Every structure is written in C-alpha cells, then in structure tokens.
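First up is the structure itself, then whatever we jot down about it.
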Amino acid sequence: MKERQDDNPATPEEVTDRVWELADKIDICMLTTWNGEQQRSRPMSARPKRAENAFYFLTDVSGDKNAELEKFPTVSLAWADKGSYRFAVVSGQGTISNDRAKIAELWSDMDKVWWEDKDDPSIRLLTVTPERGEIWDTPGALVSGAKMLMAAVTGGAPELGDNAAVKM
14 MKERQDDNPA
24 TPEEVTDRVW
34 ELADKIDICM
44 LTTWNGEQQR
54 SRPMSARPKR
64 AENAFYFLTD
74 VSGDKNAELE
84 KFPTVSLAWA
94 DKGSYRFAVV
104 SGQGTISNDR
114 AKIAELWSDM
124 DKVWWEDKDD
134 PSIRLLTVTP
144 ERGEIWDTPG
154 ALVSGAKMLM
164 AAVTGGAPEL
174 GDNAAVKM
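If you want it as structure tokens, here you go:
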C-alpha cells in the first residue's frame with residue numbers, strides 16, 4: 014500500500030478522526046509491549062475515550078504486561094477490520110493503576126468472562142495515552158483483489174488505498 018501523496022492529503026484532523034473511529038468500531042486490538050529483549054502482543058478489548066484522549070483496558074493484577082509497562086511504558090495498539098480492509102495503529106504511553114471509579118465506569122457484562130464483578134480486587138486499569146496514530150484505508154477486498162490482479166498482469170504496482178500518520 015503506498016502512502017497518500019496526492020494534492021489533497023488527509024488532514025491531521027481527518028486521520029485522527031479515522032483512528033478513533035476505527036478503534037471504537039473494531040473493539041479488540043493487539044496490545045504490544047516490550048520486555049527489554051522482545052516484543053509481546055496480546056488481544057485486548059479497548060475502551061477508546063476520545064474526549065479523555067485515552068484508550069482504556071481492564072486487565073488483571075497478575076501478568077507480564079504490568080511489569081513490562083512499569084519498566085518500558087511505550088506500547089503499540091493495532092486494530093484490523095479485515096472485512097473492509099481498514100487498519101489503525103496507535104503508539105503511546107501505558108500505565109497501570111487501581112482506579113476503582115474508572116474500572117466501575119468501564120465495566121460491562123462481557124467482563125464477567127474474566128472477573129465475577131467490577132469490585133474484584135484483582136482488576137486493574139491499563140491506560141494508554143496516544144502519541145502517534147496511523148491508518149490504512151483500502152477500497153475493500155473485491156476492489157483490492159482486482160487491482161492486485163491487474164498489477165500482476167501489467168507488471169505495475171497496485172494502488173490499494175491510503176496510508177496516513179498523525180501525531181496525536
């Protein structure tokens with residue numbers, strides 16, 4: 014996918030809007046942390062709150078990611094809407110807290126898969142403050158497939174959509 018370089022590139026505001034929109038729509042993202050030697054990614058249910066400029070996650074008090082975040086707070090979040098070939102990535106700073114009010118606010122019935130209720134003392138709040146966002150928007154699987162086939166026949170490179178990054 015080539016980066017958008019036309020006369021009317023997406024504005025930083027449009028890219029930022031798209032990052033938040035995709036994060037809200039897709040829900041599950043891959044959270045990537047660093048332990049000093051290697052990266053580790055795991056699926057997490059994101060609770061994006063644009064008005065607060067934060068992505069929230071409920072997490073357990075145990076787990077490697079908590080120790081990793083204390084030592085190396087820079088994380089990446091990646092969302093993929095494979096049905097419409099749209100993708101978003103955010104990098105930022107992550108922190109773990111025991112903010113019981115925010116945990117209660119974010120609690121949903123789906124969280125009962127992991128904990129009995131919002132008052133479970135093992136729940137922690139992971140907050141990611143975004144610093145950079147990037148999107149990839151393509152015209153969808155059918156159009157992308159046709160463009161790739163045409164490129165293979167003609168020997169050219171397919172233009173599969175737009176890519177843009179923004180400081181958040």
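Count along the sequence shown from 1, add 13, and you get the number used in the numbering used here. For each residue, glycine too, the CB sits at the ideal point set by N, CA and C. Please read these numbers as outputs of a predicted model, since none were measured by experiment.
Under the three-state DSSP convention, the category residue i falls into
{"i": "residue 6", "result": "No answer is possible for residue 6: it lies beyond the span of the chain, which begins at 14 and ends at 181."}
{"i": "residue 181", "result": "coil"}
{"i": "residue 26", "result": "helix"}
{"i": "residue 94", "result": "strand"}
{"i": "residue 131", "result": "coil"}
{"i": "residue 117", "result": "helix"}
{"i": "residue 64", "result": "helix"}
{"i": "residue 122", "result": "helix"}
Span of the beta strand (DSSP E), counted from its first residue to its last, around residue i
{"i": "residue 150", "result": "136 to 150"}
{"i": "residue 57", "result": "52 to 58"}
{"i": "residue 102", "result": "99 to 110"}
Residue closest to residue i, alpha-carbon to alpha-carbon, out of the options
{"i": "residue 86", "options": "69, 135, 104 and 125", "result": "104"}
{"i": "residue 108", "options": "61, 83 and 131", "result": "83"}
{"i": "residue 141", "options": "30, 114, 79 and 27", "result": "79"}
{"i": "residue 129", "options": "148, 81, 54 and 73", "result": "73"}
{"i": "residue 139", "options": "46, 27 and 125", "result": "46"}
{"i": "residue 125", "options": "71, 53, 151 and 25", "result": "71"}
{"i": "residue 63", "options": "113, 148, 143 and 57", "result": "143"}
{"i": "residue 77", "options": "32, 66, 65 and 52", "result": "52"}
First and last residue of the uninterrupted alpha helix (DSSP H) at residue i
{"i": "residue 77", "result": "77 to 84"}
Residue i versus residue j: straight-line alpha-carbon distance, rounded
{"i": "residue 180", "j": "residue 40", "result": "22 Å"}
{"i": "residue 136", "j": "residue 98", "result": "34 Å"}
{"i": "residue 115", "j": "residue 69", "result": "9 Å"}
{"i": "residue 131", "j": "residue 60", "result": "15 Å"}
{"i": "residue 123", "j": "residue 117", "result": "13 Å"}
{"i": "residue 90", "j": "residue 133", "result": "26 Å"}
{"i": "residue 81", "j": "residue 146", "result": "22 Å"}
{"i": "residue 93", "j": "residue 67", "result": "19 Å"}
{"i": "residue 24", "j": "residue 31", "result": "11 Å"}
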